[in-house]
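Here the structure comes first, spelled out in structure tokens, and everything after it is commentary.
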Amino acid sequence: MKCAITCYPTFGGSGAVATELAIALADRGHCVHVVSSERPFRLDRWRSNLYFHGVEPGAYPLFRHEQYVLPLTNKLIALVEEEGIEVIHSHYAIPHAQAAWMAREVLREERGIDVRLACTLHGTDITLVGRQHSYYELTRFTIAKQDLLTAPSQFLAHDTQQAFHIPEQRVEVIPNFVDTQRFSPTDDASEARSALCPDDAYLLVHVSNFRPVKNIDHVIKSFAVVAGAHPAILALVGEGPEIERAERMVHELGIRDHVRFLGREEQVQRILQAADVMLLPSQTESFGLAALEAMACGCPVLAYRVGGLPEVIEDGVSGILCPYGEDVCLGTIALELLSDRPRLQAMRHAAIQRAQGFSREKVVHRYEQALLQLCQQ
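Numbering (the numbering used here) for the sequence shown: 1367 to 1743.
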């Protein structure tokens, strides 16, 4: 199979899933071309049958903003013509599904070439951005034109069906996955832990793209409850627009010495292996890839009961889910769990076991079969 995968390159779930899928499909012998505005942050392993194509946004004094959709469309047209691409797999509908559809229309009309379209929805492309008036109609139209439409959770599949009037049978649920070789527990996390916190301190972690939907203020307020009762360190991993706000908050609360801003971290698994728990009080999560990767490392996740998270975290078993908005409650629960080491250890084991059900091998096989079937139609 010859496949083009187009995605965002930034620190976040959609780009991570797309890149890991590209690598996994290449490992299975398929020819995969990754297309993005820059090299995705997880595209750090190369194969002879795995390629990256950068798309340079168009700029001209007449344009108020850089143009990306048209250069992306042209790149996809060229790849289908020159490389014999059989399927274009878009990750995050806006603008990738639109560019893929336009590319196919040009290829059909001008070249007499057909190509299959697949799109994996990732969350805010449906729950937030896609519902905006300025995006809605084209988003609805182009996702309906996909030959294969997938979502990582029942929650997002249902939300897509309701918001965009997509028939229930059109959205196939294929969960996100984790590389359990890379994200796995270790008996030797002492070096990473000692670099982050004193021996007697609890180590909490938050990993995200620091956008408003991640509720970074809830992360910090929850952590402040813990730090007020016991020595503790909060490791913040990632980059995004809410970083400056987070920095202001920790100064205002007087906990700056207890918070580590680690930025974009390629080896995030080393931090997850060392951490005691993850805080993930998002407004919504279509699935929660960061949660799954933490669980695979033996780091239980404390989160709000929102979106697709209940499909990943077994409340009270492999993590804890709280009612939305109760950040102080989340902090109190974190403190109770951290002070009960036998319960924490049992939850660590349960989290690892739960993550095995979302292993790369199991889930990539489902993607592979769906894409192969598409190519044969």
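Yeah, the Cβ is synthetic: ideal placement off N, Cα and C, and Gly gets one too.
Exposure label - residue i; buried when at least 16 CB within 10 Å
| i | result |
| --- | --- |
| H1457 | buried |
| P1689 | exposed |
| F1507 | exposed |
| E1608 | buried |
| A1469 | buried |
| V1481 | buried |
| Q1512 | buried |
| G1378 | buried |
| G1629 | exposed |
| E1503 | exposed |
| A1425 | exposed |
| H1462 | buried |
| S1380 | buried |
| H1488 | buried |
| G1682 | exposed |
| H1455 | buried |
| G1697 | buried |
| Q1464 | buried |
| E1708 | Position check: residue 1708 holds Pro in this sequence, whereas Glu was assumed. P1708 comes out exposed. |
| S1705 | exposed |
| S1560 | exposed |
| G1758 | Nothing can be reported for residue 1758, as the shown portion of the chain is limited to 1367 through 1743. |
| E1432 | exposed |
Element boundaries [alpha helix (DSSP H), containing residue i]
| i | result |
| --- | --- |
| I1699 | 1693-1705 |
| T1546 | Looking at the DSSP string, T1546 is not in any alpha helix (DSSP H), and its letter there is neither H nor E. |
| T1508 | 1499-1510 |
| E1659 | 1655-1662 |
| S1380 | 1379-1393 |
| E1557 | 1556-1562 |
| E1727 | 1726-1742 |
| V1472 | 1459-1472 |
| D1566 | Taken as a continuous stretch (DSSP letters only), D1566 belongs to no alpha helix (DSSP H), as it is neither H nor E. |
| K1587 | 1582-1593 |
Span separating the alpha-carbon of residue i from that of residue j
| i | j | result |
| --- | --- | --- |
| A1736 | E1727 | 15 Å |
| Q1401 | G1420 | For the record, residue 1401 in the displayed sequence is Val; it is not Gln. About 6 Å. |
| L1701 | C1485 | 41 Å |
| Y1417 | H1399 | 5 Å |
| H1624 | L1740 | 51 Å |
| A1466 | L1570 | 41 Å |
| R1732 | A1593 | 43 Å |
| E1452 | L1710 | 48 Å |
| C1369 | V1435 | 19 Å |
| Q1528 | V1537 | 12 Å |
| D1565 | A1598 | 10 Å |
| I1532 | D1491 | 15 Å |
| R1611 | L1619 | 12 Å |
| V1729 | L1738 | 14 Å |
| A1558 | E1632 | 14 Å |
| T1505 | Q1498 | 10 Å |
| S1414 | I1389 | 11 Å |
| K1691 | S1588 | Checking the displayed sequence, the identity of residue 1691 turns out to be Gly instead of Lys. Whole-angstrom Cα-Cα distance: 11 Å. |
| D1693 | L1687 | 12 Å |
| S1348 | L1409 | No information on residue 1348 is available, as it lies outside the stretch 1367 to 1743 that the chain covers here. |
| S1550 | I1540 | 22 Å |
| L1703 | T1526 | 36 Å |
| P1666 | P1375 | 27 Å |
| I1509 | P1437 | 20 Å |
| G1395 | A1721 | 26 Å |
| E1386 | P1406 | 10 Å |
Paired residues, beta bridge with residue i - DSSP
| i | result |
| --- | --- |
| H1399 | A1370, Y1417 |
| C1688 | Y1670 |
| M1644 | V1571, V1667 |
| H1524 | Beta-bridge pairing links H1524 to no other residue. |
| D1681 | G1685 |
| F1627 | L1602 |
| R1482 | V1453 |
| G1489 | Paired residue(s): none; G1489 is not in a bridge. |
| G1424 | Q1433 |
Chain D contact for residue i (CB, 8 Å cutoff)
| i | result |
| --- | --- |
| M1661 | Of the protein chains in the structure, only one exists, and it is not chain D. |
Opening and closing residue of the beta strand (DSSP E) in which residue i lies
| i | result |
| --- | --- |
| E1613 | Taken as a continuous stretch (DSSP letters only), E1613 belongs to no beta strand (DSSP E), being part of the alpha helix (DSSP H) at 1609-1618. |
| A1517 | 1514-1517 |
| V1539 | 1537-1539 |
- request: Please confirm if the stretch 1655-1667 is in contact with the stretch 1709-1717, defined as three or more CB-CB distances below 8 Å between the two stretches.
  value: yes
query: For the stretch 1566-1585 against the stretch 1540-1555, are there 3 or more C-beta pairs whose distance is under 8 Å?
result: no
- prompt: Using 8 Å as the Cβ pair cut-off and three pairs as the minimum, do the stretch 1612-1624 and the stretch 1577-1597 touch?
  reply: yes
query: If we count Cβ pairs, one from each stretch, closer than 8 Å, do we get three or more for the stretch 1598-1608 versus the stretch 1621-1641?
result: yes
- prompt: Counting pairs of Cβ atoms below 8 Å between the stretch 1640-1654 and the stretch 1517-1533, do you hit three or more?
  reply: yes
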